[in-house]
Amino acid sequence: MAILLLITFAGVFLTLGVRQPNSNKRSLLLQSVLLFSLLVVITTEVLSLVAFINVWAIMLVWAVVGAGHIRYLFKQREQLNTFVKNLRSDVKLKLTTLSLSQKVMLGALAVLLLLVFAQGIIYPPNNRDSLTYHMGRIPAWIGQHSVEHFPTHIVRQLYQPPFAEYLIMHINLLNFSDYLSSSVQFVYLVWAMIAVTLIIKAMGLGSRWQVAGCILAATIPEVLLQASSTQNDIVVAAFVLTAFYFMLKAIKEPTLKNYAWFGLAVGLSLFTKGTAYMYLAPVLLIFGIDVLVKVFRERKLHYIYSGLLTAALLPVLINIGHYSRNYGFSGNFLGVDHEESRIYKNESMSVRYFVVNAVKNADLHMGVLGVPHITLLANKAVRKFSNAVHVNLNDPAITIPGTSGIPGDMLWAYFYGGMTATHDDYAPNFFHFFLILIGLIITLATLTTRKAGSSVMLLLVAVVLQVVVFVLYLKWQSLGTRLHTTIFLMALPLVCYAAGVSGLFRKVTAVMLPVILFYGYLVVVFNFGRPLIKYDAMVAGFRITRPISVSDNRYQKYFSLITEKATYPEYAEVLNEVKRLGYKNIGFISGYNDWEYPLFKDCYSRPLNPVHLYVNNYSKNIPLKESNVDCIVATNTNKLYIDYKGKRYVNRDASHKTIFLYTTSN
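Counted the way the UniProt record's numbering counts, the sequence shown spans residues 1 to 666.
Okay, here's the thing in structure tokens:
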């Protein structure tokens, strides 16, 4: 029944097309995704208020919304036929204007994206963030029929913005399984590609560079890897790109409609991932300055309430439910306590710290699959540089605890040149990094010799400020490349602009596009945790991919990134026993970063409710919605028994290493 979501989205797009027949079709697609995303938020929040989140309620809502659009379009069938004919002719015209090489490249890209989509279906969610909190909180929402906060050992399940997980929950409930969980990141990648092409068009560049931008956006290694995962970096990037695009439109055409689309994109960005606050800060600064300039120049105060108020009010309204829940349990609307904040936020900053932090972040991209010497040379250079400026690479003031700096030895180089080159938490974007770096330099250089359009200037300022804010605020971490996704996608239009004004760089870009596309195939095929082809060769003790294949048992694939061999069979044993005994309310005891979701992955097709017991963090004061449990499962507690609410739960197999089932009878 997940088809209901497609019907609704198509209905939204066609309705907008009927009402705005002369609008750019790609711009209409962006508007459609924004409205569809808003519907997801409203539906979830309203159903949560009445504790009615379940498959039948969600199915009914989407059926009614879809039927409403069908009814409207039937009444407007003449205008609909005209719009569809124009859409077909526009697509046909675009295709006929493409050169043979562009058609070949786009065809190869389409095949690559189909492989990524299939990869996301074949493999279930299996990276740590997904199995701890991205997917881990969905069973709790379904079990309590609301998105209200709950006591949990993994507090990120509460305070992290939830949009991507809302949509995943809708899809999985309608599909009665998690096979399409990764489709959210994949679909929003396609949307991000469209946004990139529209920004390139706004800069005055033609279809040649829009096609190039589309290919560059889709072939960023970290993007290709995340597009088959259930993380949210691509989703937030798509919203930020859309916000920037509608900011450009609002600057040129300061209408209430453009301000509203901008505010909607900003609000959904903030509702998706906390890093959006950093990425949007420069965009909001530019927008605010433009509105104030218009007010003083034209002496019209309506820019204040139609611009600033709209851009501020919509984000607050979209996020108010999540903000209020966070404030209720933590005392601040972001939901992060002081200790949690200290983990990620730079504790000290100076010019030397800033430069070293920037260099270390850049160094994360110095790696290519199978070529560890690139990483080795870069790491040695970073170490020498940090020594020269007298900064400790592992200084906890600018480095997240538990992550190391740049060791600079051969083992680390093989680690980054081997397994992490296709790991969705670590993958370097080597080729894109240098194209962006050169593109920025050329763009800056041309500003002194020729007049660039305002869109180019604004994008350049936004990207540079995004980098500055990122380096100033966040501590360095070894798995930081995924956090760079938005910056990379934002910067790609500048690569196209630089190639358009520099003949030499144009030739370099033309040569690099097929190379990057080919490398994209390698990244997807040898995805470390979700390989299409398993490659068991060992390089300095590290594998190119994990020893898992497409033909393996689906449940085993949840654990493809786990090195402890006992994890999969023990989880499978506990899961099967819980299912056999028909338990619904599962008491759960774990660490702050343990794999919770695989135990509850059947929550879409049968009643399952995780009940976190003996919580020892700042969510412990949240009242339990359900305190009675049928059994207790623990990942960090191996005892003979656990006493809870006057009952004794006995460990069924103390020989386990990773997960333990306690029941009232042995």
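Backbone N, C-alpha and C fix where the C-beta goes; we use that ideal spot for every residue, glycine too.
Quick check: what's the CA-CA separation for HIS484 versus LYS75? 46 Å
What three-state label does DSSP hand LYS620 in the structure shown? coil
What ranges does the alpha helix (DSSP H) occupy inside the stretch 492–525, keeping only unbroken runs of at least 4 residues that lie completely in it? 503–525
I'd like to know if the stretch 594–607 and the stretch 558–577 are in contact, where contact means that at least 3 CB-CB pairs between them fall below 8 Å. yes
Here's the rule I'm using: 16 or more other beta-carbon atoms within 10 Å means buried, otherwise exposed. How should GLY408 be labelled? Because the pLDDT of GLY408 is 47, which lies under 50, any placement of that residue in the model is unreliable, and the number read from its coordinates should be weighed accordingly. GLY408 is buried by the Cβ-count criterion.
GLU340 to ILE154 span [Cα, whole Å]: 12 Å
Identify the residues that DSSP records as bridge partners of TYR188: which are they? Per DSSP, none; premise fails for TYR188.
I need the straight-line Cα distance from MET410 to VAL104, nearest angstrom please. Any reading at MET410 is ruled out, since the residue's pLDDT is 46, under 50, leaving its predicted position unreliable.
Report yes if the CB atom of LEU268 is closer than 8 Å to the CB atom of ILE318, and no otherwise. yes
Mind the definition here: the stretch 347–367 touches the stretch 479–496 only if three or more C-beta pairs lie below 8 Å; say whether that holds. yes
DSSP state of ILE3 mapped onto helix, strand, coil: ILE3 falls in the helix class under three-state DSSP.
CB residue 667 to CB ALA243, shorter than 8 Å? Not covered by the structure: residue 667. The range shown for the chain is 1 to 666.
Local Cβ density within 10 Å of ASN387, reported as buried at 16 or more and exposed below that: exposed
I'd like to confirm the pairing. Which residues does DSSP put opposite VAL239 in its beta bridges? Reading off the sequence, residue 239 comes out as Phe, not Val. DSSP lists no partner for PHE239.
Within the same chain, show all residues whose beta-carbon is closer than 6 Å to that of LYS294, passing over the 5 residues directly before and after it, in chain order. TYR303
Which parts of the stretch 32–100 are runs of the beta strand (DSSP E), unbroken and 3 residues or longer, counting only runs that do not cross its ends? none
Can you confirm whether the stretch 217–224 touches the stretch 54–71 when touching is taken to mean that 3 or more C-beta pairs between the two stretches lie within less than 8 Å? no
Please state if the CB of ARG352 and the CB of VAL389 are separated by a distance shorter than 8 Å. yes
Residue range of the alpha helix (DSSP H) that includes ARG383: 372–388
Return the Cβ separation of PHE329 and ILE622 in integer angstroms, given the expectation that the two are a contact with Cβ distance under 8 Å. 5 Å
State buried or exposed for PRO547, treating a residue as buried only when at least 16 other CB atoms are found within 10 Å of its CB. exposed
From ALA503 to LEU444, what does the alpha carbon distance come to, in whole angstroms? Ala is not the amino acid found at residue 503; the sequence shown has Gly there. Taking the straight line joining both Cα atoms gives about 16 Å.
From LYS92 to VAL33, what distance separates their C-alpha atoms? 23 Å
Start-to-end residues for the beta strand (DSSP E) that takes in THR663: 660–663 is the span of the beta strand (DSSP E), which, as asked, contains THR663.
Which first and last residues belong to the alpha helix (DSSP H) in which VAL468 is found? 454–473
Among ALA227, PHE246, TRP476, LEU256, the one whose alpha carbon lies nearest that of PHE262: PHE246
Identity of the residue in ILE42, ALA427, PHE150, SER229 nearest VAL116 by Cα: SER229
Spatial neighbours of GLY587 within its chain, please: CB distance less than 6 Å, with the 5 preceding and 5 following residues excluded, ordered by chain position. Once the five neighbours on either side are set aside, the close Cβ partners of GLY587 are VAL611, LEU613, VAL629, ILE632.
Quick check on ALA227: does DSSP put it in helix, strand or coil? When DSSP states are grouped into helix, strand and coil, ALA227 belongs to the coil group.
Consult DSSP for GLY408 and reduce its assignment to one of helix, strand or coil. Only weak support exists for where GLY408 lies, its pLDDT of 47 falling under 50; the value from the coordinates is given anyway. In this structure, GLY408 counts as coil in the three-state DSSP scheme.
By Cβ distance below 7 Å, which residues in the same chain neighbour TYR521 in space, the five residues on each side in sequence not counted? LEU112
Excluding the five sequence neighbours on either side, which residues of its own chain have a C-beta within less than 7 Å of the C-beta of GLN119, listed in chain order? Result list for GLN119: SER228, VAL524, ASN527, ARG530, LEU532, in chain order.
Taking contact to mean 3 or more Cβ pairs, one atom from each stretch, closer than 8 Å, check whether the stretch 362–377 and the stretch 416–435 are in contact. yes
DSSP beta-bridge partners for ASP653? Beta-bridge pairing links ASP653 to no other residue.
Which runs of the beta strand (DSSP E) spanning at least 3 residues fall entirely within the stretch 577–616, listed in chain order? Given a length threshold of 3 residues, each whole run of the beta strand (DSSP E) inside the stretch 577–616 is given here in chain order: 585–589, 609–612.
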